[in-house]
Amino acid sequence: MKKKFFQTYLIAGGLCLLSAACTNLDETLYDKVNSSNFFHTKDDVYRSFLRTFEHGYWTVQGATYQMQENTGDQVMTANRQGHWYDGGTYYRLHYHTWTPLDNYTSDAWNNLYQGIAQANNSLEDLKGLDASKFSMSDAELKQLIAELRTMRCWYYLRLFDLYRNIELVTTFKGEIKGKEQASPKETFTFIETELKEAIPDLAAKGDEGTENFQGRWTKAGGGALLARLYLNAKVYIGEDHFNDCATICQDIINNKYGNYALAQRWDEPFDWNNDKSPETIFAFPGSFGRTHWQYDGGMYWWGAPYDAYKYFGFTDWGRMNPKYALQPGRDVDGNEYNFQLGKPFLKFAKYPDDVRLKLYKNLGNSTREGMFLFGYLVYNNGKDTVESDNGFKLYIRDQVGIFNHKVGDKLVSYGPGEVPSDKQSDMTHADQNSGVYLIKYPYYPTDDAHRIESDYAEVRLSEIYYALAECKFRAGDKATAATLLNAVRKRYYPAGSSSLYDAGGSTLTEQELLDEWGREFLGEGRRRTDLVRFGKFNSGSWWDKQPDGDDHTSIFPIGQNVMNVNTSPALKQNPGYN
Amino acid sequence: MFFSAKNAESDAIARFPRYGHLSAAYQKRLKQIMRVSLLSFFVMSCSFQVLLAHTTKGQDMEDITVRLELKYEKLTTALKKLQKLTPFTYAYNKRALGNISDISLPEGTRTVKETLSLLLKGQPLVFEQIGSNIVISPLYVVRSDSAAARPDFVAVMQQYPIQGTVKSAKGEPLPGITITIKGTSTGTISDAYGRFKLNVSSDQQVTLEFSAIGFETQTVAVGERRELNIVMRDKAVGLNETVVVGYGTLNRREVTSAITHVSDKELLAVGGNNPLMSLQGKVAGLTISNPGTADPNSNPTIQLRGVSSRNAGLGPLIVVDGVPGANLENINQNDIASIDVLKDGAASAIYGTRGSNGVIMITTKKGGRGNGPQVTYNGYTTFDFPTRTLKSLSAEEFVKHDRGTDFGARTDWAKEISRDAAFAHKHSLSFSGGDARNNYRATVDYKNAQGVDIRSSRQEYGGRVSLNHTSKNELWNMGLVVAPRYFKRNDADYDVFNMALSLNPTQPVMDPEDPNRYFTVSGGEVFNPVERLKTELSGSEAKFLDLNATVKLNILPNLSSQITLGQTTRDYFDFFFRPSTSTYAIMNEGGQSSANRKYDKTDQKTFEWIGSYNLSKRRHSLKALAGYSYQYFQYSELYAENRNFTSDAFTYNNLGDGDYQQEEGRNGMSTTKNDSRLIAFFGRVNYSYNDKYLATASLRYEGSSKFGFNNKWGYFPAFSLGWRISSEEFMKNVTWVDELKLRGDYGVTGNQEFDNYKSLDLYSGYGYYPLNGPYLRVWGPSQNTNYNLRWEKAHNWNVGLDFVLFHSMLSGSINYYRRKQQDLLGNYNVPIPPNIQTQTYANVGSMRNSGLELQLNVAAIDKKDFSYNISFAGATNNNRFVSFSNDQYHGQAFIDVVGLPAPGSPGTAQRLQEGQRIGNFYMWKYAGVDDQGNFLVYDKSGKPIPSTQATNDDKRIVGNGLPRFTASLGNTFHYRKWDASLYFRGAFGYDIFNVHDFYYGLQSVQDNTNMLESAYGRNSHISGKNTLAFLNDYFLEKGDYVKLDVVTLGYTIQSKSKYFVSLRIYASTKNLATFTSFTGVDPEAYPVNGLYPGIFTDVNGNGRKAYYPSTTQLLFGVQLNF
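Each protein sequence line maps, in turn, to chains A and B. Residue 553 in the working numbering sits at position 101 of the first sequence, and the numbers go up by one each step. Residue 548 in the working numbering sits at position 422 of the second sequence, and the numbers go up by one each step.
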């Protein structure tokens, strides 16, 4: 009897142990998948394809934005009585004294290369697919591959611009180690070749299937990136490619790559329906309910006083933040600074009939006027005025300093005409009245159907006009340059305004050209590149900024977090940062 | 339980007829048998002491009469019949009696004694009443009852009598002591009054041996004496306790590895959420650290012998009644019978994969066996008073120093968010009963506890039912444990306390213009803490269920097989709600109410099958074990959120009502699920020679689904050796050594406690991107793949010495361990590109821990009325982070860790560096202040420089947050009905970063922000403007502390009334006094476990300011036995 028990027991147990179920350790996925079983439908192909686009939108803000804008002569993040000191990290951006320990030097690298890794992964996925199995044509798959290569070039171009000595990585799966840094020339050739190869396979605007081609690379988009590369070639590799730049710009303007046109209304390229604007060449699609990265803390949302949301009547998200503001054009006493660069608000005011100069105001029905916040921000039918976070009514001005003081128990701002005795004006000494705020993208009120709906315009036709104008200018053809610029500028001024450049281009100086780049693309994340190209980035002076000792800061150091993990092969730090 | 006895017994009894002349070897063997069978019996009866206690009270077998008739019955059947008719329990070895049959008894009424005499007539057996038990044992011990001699059974030789008494050290008479004449089979047992009488032959060389379970065996040369008064010494408890090891139990003597056994009586009387808080400091090398002791929902972190891993789980494996991975929160402290802490590799290697952090074996109480039904009520009430709280400037001082706008109110924010005393009470009721074959125990408990903040609370009830059954043929044992628990918790918010420190105290709590609304506080990133606690709802409703069923088949007397099925389920239903009136919502969320709910479910299923075999031949004893284990873990979660509800009255109960998620592109819901498996084959052999030389070897072969497909399985071997020096011949005369054992062991343990799917090339869903109009969710790689992910392995060495000295007055053990962790699991920084994420989960690096542990117990005074016991546990820990690289990953030699939060960007506070101890504080070195009151620090050449000129190169290691030595000292007193204890605990040789002084202790804090009194006191010389968030060792202080931790006073009443048996009332305090030079909060609030000791960190290892105040707890309790 007992024996039988024992036997049964053993046999049952033995069977169990021998069966695979008792030793099977495969992992079961429930809410995730892996690459081997991901692709089932055409949608899946697009889901993988679009990953790097979705990520790319995110990379326009944060570290890269700070590095392009806070280092220039237009935007500042000053210490506003304790706010935004942050261990001096923004001082270092402003004074060009950053070190590899400042996180943005690592973050920009990682964020951009992440997008490249995603593009590489999708490229490897897509190249291995049989288009017919996903009811796609070979041409469609080819076009997607071309778009991914273009997207990758967009990342590489920015890395190239920021760090110059970068790795060229085109594979992802199974790779553990990085590559040796390529020479600038190699990188230049790589980007140029990639774009040239990709453009023929890209769709042109107006091709079949591009009616709703929001946030996707077209031939004109690829061409625009090539124009950016050529425009800065002198800086990148010491070779002049202005002619190449001019050629491609002219082709785009001539609608060789699809039909584009300059917007007639000044704010059209930034408005809620800017995806339909003929000026938009490439824009990341934003929406209130989904992503809208230019409206987040890493960019414009933190470019207004804390309580400005009340002024806009946009109450969905709570408070804004005065992290970013324009550098001042005047000292504490109200006198205009005498340096050439910077002074962004005064640069606009140079042409006083500029429609953009008005105080930003929501006009109802998804319309607005003005591009700046200054003075008292009065709302609620004049009953309320925007205050600082510690309770004084703001009087926003094109100056930096401490413009509030205690009257009795209360803090009060100096009003129009009142001048404080404290004359200090620098990065360490600002309050919330200091600096005009830029409102490029509209903040329509909470009850407006199109609030936070604008796409982020990464490439617009006006850039092609300006690039071509610069090429012409550099070639000595000031007249054509002036004409090109005026083609864009005419929307800012009344018809026949004297603010337009004279046809011969006699008023167009190099400084004026740089100023005009600054006006058109104020706060769009490219100022540093322009200053470098004009040779002003290291040698120029602007508010609270002396010329650098040398020009090693025209590129950034590779961040310490990146250097630390790149030990085999070891990355070489950029010159001047060791 | 009967194994050892069974082995030899059948042949012994069968071969040797009564009065047979046994060889010396066999006599000894028989004695052993006798002892072992007694042991079996005693263990079944719970404890020897219980028996003694009942001896005088019980009924006598001479007084009880029984009417019985038998015809050709088996003896065992006869005894069973007798048992039914009498109040006695009959203890005998079934196998010894099993062959005796054809017993007949004429009908008649006789006393039990007479009946038994008739039943056993002619058999080689004797019987003896001990309490309510009647022991029937083989007749080599000759009965000599002082009350009435029974010639039938007494081996009468031509001899003279020796008589005397046997007493305990406390002077109490001891019944049931076995007295044998050395070298013969003759002997007796002492009676209820400790008296004995024995006839010895006229041989002058008579030597008597006195023995009993729980006492040291004494050998007395009789000489000329005719009267002997013997004092029996208790055997050190430690030597006889049953130690629970992986998949079995061992007698303390047999243990060859570092295991600390703590019985329920040694646990501390503290009120808390987690039963292990009662073990704090008790076990050398086991650090139980709870930064929120007074938070009724907090759980401590537990760490054994230093930090063991970078990222994989750091806590020991918890095994409850043999089920690994059980839920500590579902255990009522009153249900714990004992806790065994398996510290070294050899002990824990049988749990291989999860043994790297040690194993804590919890044995719960089971039904009484043969003791009859018992009911116990335990109840306590606690009051917690905040202690060592930080003081901010009062409103008056704030105004006086002109620190910001005076809003007119005078608010003590800390007081507004705290209770004067947090109140809690807990009640548990247990009832148990049954006999050796069938028994039960059930406990139900209820608890209601508050935290010291005005929101947190916990209400719970639970139960534990344990049933055991042995089949009639004793072939099967079955056990079932069911333990459900329900609770609702309202969570504390640790941020409110540092908010209270820094809020402008002239701001009112309520808005003066609308007293129904809270005041919108101003400052930096601030919120109104009173409002948060009073209007926001945050917590969980939870359900636990532990099930555990065991079936054991006793195939042969020494061969058994057992299957255990276990399931542990934890369900949490979290809730959160913030009303639309919230000033925070108005400022940050557009004045929308918000709510969410999260339901998550953790399920663990266990199947274990083990077989064990024992063999004793001559001096060899062998125990072998083999088994298979399958564990399945599953987690699933459902989450939903919404905002902007029609009414705040819905709170979190009507998520569908909100219109926030109706916006296109919003979703507000998610579900997730993942699972993993662990499969193991294991075996162990324990061998002992002559009870003197001991050896154990074990091997576990285990696989986990979490690893890379090539590396799923690992081997985890272990072996240990022990030498019981005290059993050697040469130690015979060293009378002050009762027990001395030297042991050493080596074992390999593993760690796989990390998230699932880490090795795979996972694609996860990210955001949305339009595809020709409609949005499509994009998918892409979510982690760097690592197909080589493999076991983290630790190589553990341990040598130890267990000792019992001076007649059990001093006992304890010393252990020295060394552990090297290899292939540390953790996120490792890797380059982007080509990787997609900055970190890969990989096996990189190694770490070493070593230390010395001392555990001592001194029975300083042990008298009948008064006893004083001292216990000491002390441990040192040496730690080295050996390496950060391996063949595949080459990294830097250090990582800077613990990034401190805003305001300012203070940077990182600690550095993990190759060749260094973890917990190194890496910052600038304070060199005083300059004329403006700004910091001066030493530069790398040792010269003082202004803080503004300090560079990263000037930073250095300025201290360490990991205690070098931890210790506890317990003192227990018993005086008649009183008992008292004083328990001290401390940690030494480490530094703490006073994070509150750093952020709030200087005058340079932002305007409108309050600060600690120290800003104008201790730190007033640091008055400069550029001092905020400048990280230097001025704020590093000695963390050393000694706590008078637990003081208990109790009084026990024994009752003869029918209403109750005994009552103990007691009062206890926890955290009564702290002796330390540290100026911040309770030094113990700073964690010492984990990778970043000595500083507050959040779950991601970033520094934090939030904390929960410590309290002094006052506890009143009652224990009532019915």
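From the three backbone atoms N, C-alpha and C, an ideal C-beta is built for every residue, glycine too.
Problem set entry | Distance between Lys728/A and Asp697/B (C-alpha atoms, nearest Å) | Using only the alpha carbons, I get a separation of about 51 angstroms.
Exercise. Under 8 angstroms, do Cys605/A and Leu647/A count as touching if we go by C-beta distance?
Worked result: Contact check for Cys605/A against Leu647/A passes: the beta carbons are separated by less than 8 angstroms.
Problem set entry | Gly741/A at chain B interface by Cβ criterion, 8 angstroms | Interface residue, yes.
Exercise. What are the start and end residues of each continuous beta strand (DSSP E) run of 3 or more residues lying completely inside the segment 1022-1107 of chain B, in chain order?
Worked result: Fully enclosed beta strand (DSSP E) runs of 3 or longer: 1034-1039, 1046-1049, 1051-1055, 1061-1064, 1070-1072, 1082-1086, 1091-1101.
Exercise. Listed from N- to C-terminal order along the chain, which residues in the segment 969-990 of chain B have their beta-carbon within a distance smaller than 9 angstroms of any beta-carbon of chain A?
Worked result: Under the 9 angstroms Cβ criterion, the segment 969-990 of chain B contributes no residue.
Problem set entry | the segment 606-617 of chain B contacting the segment 649-668 of chain B, beta-carbon criterion three pairs below 8 angstroms | Counting C-beta pairs closer than 8 angstroms gives three or more between the segment 606-617 of chain B and the segment 649-668 of chain B, which meets the contact rule.
Exercise. Hey, how far is the Cα of Pro426/B from the Cα of Gly398/B?
Worked result: Separation of Pro426/B and Gly398/B (C-alpha to C-alpha, rounded to the nearest whole angstrom) is 10 angstroms.
For this session: Measuring only between beta-carbons, confirm whether Asn898/B sits less than 8 angstroms from chain A.
Result: Judged by the 8 angstroms Cβ criterion, Asn898/B is in contact with chain A.
For this session: Write down the C-beta distance between Tyr754/B and Trp735/B rounded to the nearest angstrom, noting that I regard them as a contact closer than 8 angstroms.
Result: Between Tyr754/B and Trp735/B, the beta carbon gap of about 5 angstroms places them in contact (Cβ cut-off 8 angstroms).
Exercise. Is it right to say Gln1180/B is buried, meaning 16 or more other beta carbons lie within 10 angstroms of its own, or is it exposed?
Worked result: Exposed.
For this session: Please compile the residues from chain B whose C-beta is within a distance smaller than 7 angstroms of the C-beta of Glu627/A.
Result: Per Cβ cutoff of 7 angstroms: Pro960.
Exercise. CB Leu246/B to CB Glu195/B, shorter than 8 angstroms?
Worked result: For Leu246/B and Glu195/B, no; Cβs fall outside 8 angstroms.
For this session: Starting from the beta carbon of His916/A, find every residue of chain B whose beta carbon is closer than 9 angstroms, and list them in chain order.
Result: Checking the sequence shown, residue 916/A turns out to be Ile, not His. Contact of Ile916/A with chain B by beta-carbon distance below 9 angstroms is absent, the smallest such distance being about 24 angstroms.
Exercise. Under a Cβ-count criterion, where at least 16 other Cβ atoms within 10 Å of its own Cβ denotes burial, should Trp862/B be classed as buried or exposed?
Worked result: Flag for Trp862/B reads exposed.
Exercise. For Gly948/A, which option in Pro872/A, Asp805/A, Tyr847/A has the closest C-alpha, if you only look at C-alpha atoms?
Worked result: Here the closest residue by C-alpha is Asp805/A.
For this session: Could you round the C-beta distance between Val548/A and Thr529/A to whole angstroms and report it? I think they count as a contact, below 8 angstroms.
Result: The sequence given here places His at residue 548/A; Val does not occur at that position. At roughly 14 angstroms, the Cβ-Cβ gap does not stay under 8 angstroms, so His548/A and Thr529/A are not in contact.
For this session: Over the uninterrupted beta strand (DSSP E) stretch that includes Tyr894/B, give me the two end residues.
Result: Taken as a continuous stretch (DSSP letters only), the beta strand (DSSP E) holding Tyr894/B covers 888-896.
Exercise. Hey, would you say Ser582/B sits closer than 8 angstroms to Pro417/B, going by beta carbons?
Worked result: No, they are not a contact pair.
Exercise. Taking any Cβ of chain B, which residues in the segment 751-779 of chain A have a Cβ under 7 angstroms from it, in chain order?
Worked result: Within the segment 751-779 of chain A, those residues whose Cβ lies closer than 7 angstroms to any Cβ of chain B are, in chain order, Thr767, Asp768, Trp769, Gly770, Arg771.
For this session: Per DSSP, which residues does Phe1007/B bridge with? Please list them.
Result: Bridge partners of Phe1007/B: Met973/B, Gln1042/B.
Problem set entry | Residue of Tyr1101/B, Thr1092/B, Pro1235/B, Asp546/B minimising C-alpha distance to Arg1111/B | The residue among Tyr1101/B, Thr1092/B, Pro1235/B, Asp546/B with its C-alpha nearest the C-alpha of Arg1111/B is Thr1092/B.
Exercise. Who are the Cβ neighbours of Tyr894/B in its own chain at under 6 angstroms, not counting the five residues just before and after it?
Worked result: These residues qualify, in order along the chain: Tyr901, Arg903.
For this session: Compare the beta carbon distance of Asn1097/B and Gly1045/B with 8 angstroms and say whether it is the shorter of the two.
Result: Result no, Cβ atoms of Asn1097/B and Gly1045/B do not sit closer than 8 angstroms.
For this session: Count the other C-beta atoms from every protein chain shown that fall within 10 angstroms of the C-beta of Ile987/B, then say buried if there are 16 or more, exposed otherwise.
Result: Classification of Ile987/B: exposed, given that the 10 Å Cβ count is below 16.
Exercise. Is the shortest distance between the beta-carbon of Phe855/A and the beta-carbons of chain B less than 8 angstroms?
Worked result: So no, Phe855/A is outside the interface.
For this session: Would you grab the beta carbon distance between Tyr893/A and Ser906/A for me? Rounded to a whole angstrom, and I think it's under 8 angstroms.
Result: Contact flag correct, Cβ pair sits at about 5 angstroms.
For this session: Using only alpha-carbon positions, find the residue among Ile628/A, Asp496/A, Glu660/A that is nearest to Ala968/B.
Result: It is Ile628/A.
Exercise. Just reading off the beta strand (DSSP E) that Tyr756/B is part of, what are its end residues?
Worked result: Run containing Tyr756/B: 746-769, per the beta strand (DSSP E) assignment.
Exercise. Using the beta-carbon count (16 or more within 10 Å), is Gln788/B buried or exposed?
Worked result: Exposed, by the Cβ-count rule.
For this session: Give the range of the alpha helix (DSSP H) segment to which His546/A is assigned.
Result: In the DSSP annotation of this structure, the continuous segment of the alpha helix (DSSP H) that includes His546/A starts and ends at 541-547.
Exercise. Alpha helix (DSSP H) containing Ser500/A: first to last residue?
Worked result: It spans 494-510 - the alpha helix (DSSP H) in which Ser500/A sits, taken as one unbroken run.
Exercise. Which residues of chain A have a Cβ atom closer than 7 angstroms to the Cβ of Asn1134/B, listed in chain order?
Worked result: For Asn1134/B, the C-beta contacts it makes with chain A under 7 angstroms involve Asn842, in order along the chain.
Exercise. Does DSSP put Ala844/B in a helix, in a strand, or in coil?
Worked result: Look at Ala844/B here: in three-state DSSP terms it is strand.
Problem set entry | Cutoff 8 angstroms: Cys605/A Cβ touching any chain B Cβ | For Cys605/A, the closest Cβ of chain B is not nearer than 8 angstroms.
Problem set entry | Supposed contact pair Ser824/B and Ile476/B - C-beta distance, whole angstroms, cut 8 angstroms | Contact between Ile476/B and Ser824/B holds, since their C-beta atoms are separated by about 5 angstroms, short of 8 angstroms.
Problem set entry | Interfacial residues, the segment 788-802 of chain B to chain A, with Cβ spacing under 8 angstroms | Within the segment 788-802 of chain B, the residues whose Cβ lies closer than 8 angstroms to some Cβ of chain A are Glu789, Glu790, Gly791, Arg792, Thr797, Thr798, Lys799, Asn800, Asp801, Ser802, listed in chain order.
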